[in-house]
Amino acid sequence: MTDEILSFEASTGAVFGDLVSKRPVFREKPRVGLLAVGYFEYWRMFSPQFKQQVLGDLQAVADRLGEGVELVFPGVVDTMDAADTAGEVFARADLDALVVVEGTYTPDYLSLQAIDAAPNVPLILFTTQVGEDITPQDDYEMLMRNSALIGTSQLSGSLVKMGRTCEVVVGSLGDAAAYEEIRQLARIQQVVRQLRRLTIGVVGHVFRGMYDLENDKTKIKGTLGPNILYVELSHLVRQWQEVTETEAEAEADKWLQRFTLRDTTPSELRRSCRLGVAMGRLVDRLRLDALCFLGQHYIEKETGVPARIGASMMLECGEHLVASEGDLAGLTMMHAMWWLTGNSPLQAEWGQYDASHNALFLVGHGVASPAIAGNDDAVNITSAPEEWGFTGHGANLEFILAPGPVTFGHLLHGADGWQMIIGGGESLPYPTLPCNEIHALVRIERPVKEFLVEIQRWGVAHHCIVVHGDIRRELQALARAWGIKALTL
């Protein structure tokens with residue numbers, strides 16, 4: 007007799023009919039195809055060295071681009087047969103992006119023969135030339151060696167007429183910044199694809215009255231990518247009930263050895279860690295990639311303990327991201343920022359402004375890894391700042407975001423579709439406030455009051471996702487890849 011396959015809602019086994027048993031494996035580097043083209047007609051028109059020079063130029067592009075990506079390069083395309091063969095290679099390669107570079111002017115039919123074989127792969131046109139400048143000695147042969155701009159501008163016009171979008175990078179053969187820009191654009195396309203394979207488990211719903219965070223999961227899937235799986239609270243409670251006191255105590259002891267305890271007790275921390283272990287086990291059991299939860303009068307009322315420490319435990323592990331209050335768009339933004347920087351993000355809220363520092367004070371909701379404090383000495387374990395249906399002090403982390411450049415933003419689905427807000431600034435060194443909460447003080451470039459007027463006129467969620475690093479340009483490119491509006495301040 008074989009075991010009966012059931013849905014995850016009904017099954018007590020380890021395999022479910024409505025869930026994929028294995029999680030997606032994400033590549034470390036983006037996989038990029040390189041379509042390097044030249045024009046066969048020119049080989050006979052110019053000196054014997056001309057063809058070898060152009061082939062050398064295109065090989066140099068392949069060599070430089072291959073640093074930092076998983077490169078698929080079928081060789082230089084200079085005839086329709088070569089273009090057809092290259093297209094077959096690209097079609098089989100599971101590419102994140104396809105870079106098109108021309109060593110000379112090339113008619114569109116050559117490029118399009120290969121491009122059309124991979125119709126859903128994002129395109130990056132690389133307009134390049136031998137050097138940054140012309141010289142008085144440049145003859146017609148050199149002009150033709152540098153004639154890629156004629157071809158790529160022509161190709162861009164043809165693509166627009168065909169309704170095919172592309173990114174464009176301009177730089178000489180030795181321009182390191184151009185290659186880095188291409189790699190970043192490919193990385194963004196990899197993030198877009200990874201988001202489409204992401205499964206977010208939702209325990210609870212959006213906190214009542216937070217209409218800015220209410221989103222249709224079909225619209226999330228259709229544009230942003232993640233799959234949304236609603237999980238009944240009973241699944242989490244079952245995991246919580248099975249966590250032993252010994253397991254909870256072991257987790258709490260790890261934190262007590264690292265952080266200062268204030269205004270709460272080891273017993274309260276153990277209770278929070280018990281819930282944290284259960285949250286991690288729920289993610290493992292249902293093969294989730296991320297967790298979005300509602301604490302307040304939901305998890306906290308049922309378990310008698312706030313879920314804040316549990317979220318921080320998972321975020322510090324660095325395998326699965328977590329957001330609170332049903333903020334699915336924010337959790338999607340957290341993943342994009344995490345994958346683009348390698349740094350753990352903070353889910354915060356627009357707290358208040360600080361005029362003297364021209365800064366935003368961002369206050370968290372107990373959802374961040376303690377690693378973003380910079381060092382363990384900067385972190386306190388305190389009582390929970392709010393009580394939502396539990397008795398006792400609860401437990402939470404208190405620290406201020408470590409200094410350094412940061413990017414912040416969020417997503418909102420408005421009357422005209424999705425829109426993204428993007429900002430940047432510097433997290434300032436500042437004393438940790440005795441507020442029993444995670445927080446940040448971020449100096450921005452625009453006058454802070456003007457900034458706050460602008461974002462509220464634009465329309466923004468009351469949550470703000472913050473990450474160390476400046477990825478404003480990358481987020482602008484992500485918005486273009488999604489086909490949504492973006493406001494960068």
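Residue numbers (my numbering): 7 to 495. Idealized CB from N, CA, C, for every residue including glycine.
- DSSP, read as helix, strand or coil, puts L129 in strand.
- Looking at the DSSP output, L104 shares a beta bridge with G39 and L129.
- Pairing I444 with R479, the inter-Cα distance amounts to about 27 Å.
- Taking the CA atoms as reference points, M86 sits about 15 Å from Y48.
- Within the model, the alpha-carbon separation for V78 versus L417 is close to 34 Å.
- Listed as beta-bridge partners of D360 by DSSP are A365.
- H341 counts as buried, since at least 16 other C-beta atoms from the protein chains shown sit within 10 angstroms of its C-beta.
- Sorting P113, Y185, V136 and G39 by C-alpha distance to the C-alpha of A123 places G39 at the top.
- Pairing L288 with P125, the inter-Cα distance amounts to about 39 Å.
- Under the three-state reduction of DSSP output, P411 falls in the strand class.
- Rounded to whole angstroms, the separation of the alpha carbons of F14 and L242 is 13 Å.
- With 16 or more neighbouring CB atoms inside 10 Å of its own CB, G430 falls in the buried class.
- Distances from the CA of A254 to each of K455, E274, D269 and V43 were compared; the closest alpha carbon is that of E274.
- Contact between V198 and L346 is ruled out by a C-beta separation of about 11 Å, above the 8 Å threshold.
- Counting C-beta pairs with one atom in each stretch, the region 150 to 170 and the region 92 to 109 have three or more that are closer than 8 Å, which means they touch.
- Counting along the chain, Q425 sits inside no alpha helix (DSSP H); it lies in the beta strand (DSSP E) bounded by residues G423 to S433.
- Selection N402, G336 and P411 evaluated against A467 yields G336 as nearest (Cα-Cα).
- Three or more Cβ pairs drawn from the region 368 to 378 and the region 436 to 452 lie within less than 8 Å of each other, which places the two stretches in contact.
- Buried is the label assigned to M339, since at least 16 other Cβ atoms lie within 10 Å of its Cβ.
- E306 places its beta carbon less than 8 Å from that of G395.
- A distance below 8 Å between beta-carbons, with the five flanking residues on each side excluded, links L165 to the following residues of its chain, in chain order: L129, T171 and C172.
- The C-alpha of L481 is placed about 14 Å away from the C-alpha of P351.
- Burial state of E404 is buried, judged by a 10 Å Cβ sphere holding 16 or more other Cβ atoms.
- A direct Cα-Cα distance of roughly 13 Å separates T309 from E248.
- The C-beta distance from D269 to S389 rounds to 4 Å, short enough to meet the 8 Å contact threshold.
- Collapsing the DSSP output to three states places H211 in coil.
- The continuous alpha helix (DSSP H) containing C323 extends over residues R314 to C323.
- Shown here for H211: same chain residues with a beta carbon closer than 7 Å to its own, the five before and five after excluded, namely L300 and G332 in chain order.
- Each of L297, V385 and R276 was checked against the Cα of H399, and the nearest Cα belongs to R276.
- If one requires a minimum length of 4 residues, the alpha helix (DSSP H) runs lying completely within the region 107 to 162 are 114 to 121 and 146 to 151, in chain order.
- If you draw a straight line from the Cα of L71 to the Cα of D295, it comes to about 31 Å.
- At the C-beta level, P409 and E322 stay beyond 8 Å of one another.
- Rounded to whole angstroms, the gap between the alpha carbons of T133 and V174 is 7 Å.
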